[in-house]
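In what follows, a structure is listed as structure tokens, so that the remarks can point back to it.
Following this line, the structure appears as structure tokens:
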């Protein structure tokens, strides 16, 4: 007797549901796409118990005719394609006729719908994939789909879902992403009876700001480029505004949200060293492509698409971003005296560490005492008298990623990097400096990051900073749920000298900031820190470490910044007092040394 047999229709639908329905957020995606395809101008969504208890999607689209309702829940029944040619020229989000059939096989389903020209609407109740009742109801235009008891007949599927709060967050993110791609449609989302998201019809930029906050308004650069009937449009962030993760990057193909595997690589290549290590720009980018150029039928959940020529899409993306970055003067020539605002330590006659008084004007912060014996007319900026008997710093023995709090509180003098004089900057990035033990090449950005990191971390550990009350509070414009999450971290912000206060809706007021955050960088630094909070739950030491890294990234001199000779001298002097001057907080090298012996060997002198 043979062992091969045909599967039952119910089992086939449940298997299909496993491919199409990843979780409640994938159900929302399928239903919202159907509403968009139906020409809706308003879409309302409601969920209870993260969607496991109830999901409701209500639109004002053209509706489903009474005679089509029974077919709507059958697998591979669709109004959107008839032949292979239609599959190659899709203009709708849905097309395979799987969604409602898959949902109906694992949940209890109610569909209500009304079409133009009728006096009544119609209602069908579906259980285990079969219609159990039909009736006429008062007329309305559009479709309302209600789903209850998801996975009631496949309980094993529920075990693989995240916590209820985790599923609710994924649902919110899904709705927001779909709303981002359709600014001409109004969206309202209610979770457990509470409105968490609402946007009216608006322009694309306003839709981005409505969802991801007004804080982005002054930091977004418009992108628009066309080639051979293909267009890239949208927005990217100025290099001064970024996140510590890729959660601010969104890509759409013909308004369909997709994952582009090559996008991260191209963004990194375009921004290059305009961004510090571990920083990711915002991107809200839309490709408008000929339909025959895109194959959307390559993933069960339509997360990915295939292009007729991926190289063409890569080229358009690279061209669009680089054009904007080149024309926007992305590297700001910052005030160095503000960036180097801390006084530098020096050795007084008693051998105790001290801080000098201001030198060079308000805010310059260069220790006067340091220059008492270092700079006279005709001498090098950093003279030999400051380094007698003190060897230079060696890279040997320090592993990548070493953090300051792991090195202890006491500084080891024999590890200090002590330059004798410098010879300026080459390639707008690298400082050349001479010490008694060799020639050093110092990266001005990573070196300043290390300096600021240690300064801020030292202040945090010793509580040496002061919190400053702001005459005019800084407003953070977030979504309601983001504001609630941020206020929940109020105590941790307070430990860092930052006072937050809820205002209304998604608005948070920053009342106090610590002195170690550069003026004008408060918003970016606090948002960056919050992103780090969301990805981990640091203890006090790690909390200080994360804050110090945030400030260091935001305030450090960048590649291309014009740095004067006095500031180079101060930078080198302050680097020499760092406990770990060889590495930036992220583990990248700050300096490379060539010894006299190295040079003599290169020139065959020995």
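Numbering (this note's numbering), first residue to last: 5 to 610.
Every residue gets a Cβ at the ideal spot worked out from N, C-alpha and C, and that includes glycine.
The C-alpha of residue 224 is placed about 16 Å away from the C-alpha of residue 525. The Cβ atoms of residue 124 and residue 138 lie no closer than 8 Å to each other.
Of all alpha-carbon atoms in 485, 529 and 311, the one lying nearest the alpha-carbon of residue 175 is that of 485. Assigned with DSSP and collapsed to three states, residue 147 falls in strand. Between residue 240 and residue 283 a beta carbon distance of about 13 Å is seen, past the 8 Å cut, so the two are scored as non-contacting. Annotated as distal: residue 171 and residue 39, with beta-carbon spacing of 8 Å or more. Residue ranges of uninterrupted beta strand (DSSP E) with 3 or more members, entirely inside the segment 232 to 304 and ordered along the chain, are 234 to 241, 253 to 257, 260 to 262 and 287 to 292. Restricting attention to alpha helix (DSSP H) runs no shorter than 4 residues, the segment 543 to 606 encloses them at 544 to 559, 569 to 580 and 600 to 606, ordered along the chain. As for any beta strand (DSSP E) of minimum length 3 sitting wholly inside the segment 94 to 142, the runs are 112 to 118, 124 to 131 and 134 to 142, ordered along the chain. When beta bridges are read from the DSSP output, residue 195 appears opposite 51 and 198. When beta bridges are read from the DSSP output, residue 448 appears opposite no residue. With respect to the C-alpha of residue 450, the residue from 443, 600 and 279 having the closest C-alpha is 279. The shortest C-alpha to C-alpha distance from residue 248 to any of 600, 537 and 48 is the one to 537. Residue 220 and residue 481 have their C-alpha atoms spaced approximately 9 Å apart. In the DSSP assignment, residue 222 falls outside any alpha helix (DSSP H) and carries neither an H nor an E. Per DSSP, the beta-bridge partners of residue 439 are 442.
The Cβ-Cβ distance between residue 453 and residue 589 falls below 8 Å. For residue 30 and residue 251, the gap between their C-alpha atoms comes out near 18 Å. Assignment of beta-bridge partners to residue 479 by DSSP yields 513. The C-beta of residue 228 has fewer than 16 other C-beta atoms within 10 Å across all chains shown, which makes the residue exposed.
Contact between residue 35 and residue 115 does not hold, since the beta-carbon distance rounds to 11 Å and is not under 8 Å. The beta carbons of residue 516 and residue 530 sit about 11 Å from each other, so the pair does not count as a contact at 8 Å. 455 is the residue among 474, 455 and 320 whose C-alpha sits nearest the C-alpha of residue 575. Following the DSSP letters along the chain, one finds residue 59 inside the beta strand (DSSP E) bounded by residues 58 to 63. Setting aside the 5 residues that flank it on each side, residue 253 is surrounded in the same chain by 287, each with a C-beta closer than 6 Å to its C-beta; the list follows chain order. With distances taken between CA atoms, residue 270 lies nearest to 320 out of 320, 257 and 299.
In the same chain as residue 77, and ignoring 5 residues on each side of it, the C-beta atoms closer than 6 Å to its own belong to 104, 105, 108 and 130, in chain order. Distance from the Cα of residue 552 is smallest, within the candidate group 113, 266 and 519, for 519.
Only exposed fits residue 266, as fewer than 16 other CB atoms lie within 10 angstroms of its CB.
Of the residues assessed, residue 609 falls on the exposed side of the cut-off, its CB having fewer than 16 other CB atoms within 10 angstroms. Using a Cβ distance threshold of 8 Å, residue 53 and residue 206 do not count as a contacting pair. Here the alpha carbons of residue 234 and residue 566 stand approximately 39 Å from one another.
Sequence-distant Cβ neighbours of residue 327 in its own chain, meaning closer than 7 Å and more than five residues away, are 229. Cβ contact annotation for residue 479 (same chain, cutoff 7 Å, sequence separation greater than five): 511 and 513, in chain order. In this structure, DSSP gives residue 470 a state outside helix and strand, which the three-state scheme calls coil. In this structure, residue 182 sits near residue 261, with a CB-CB distance shorter than 8 Å.
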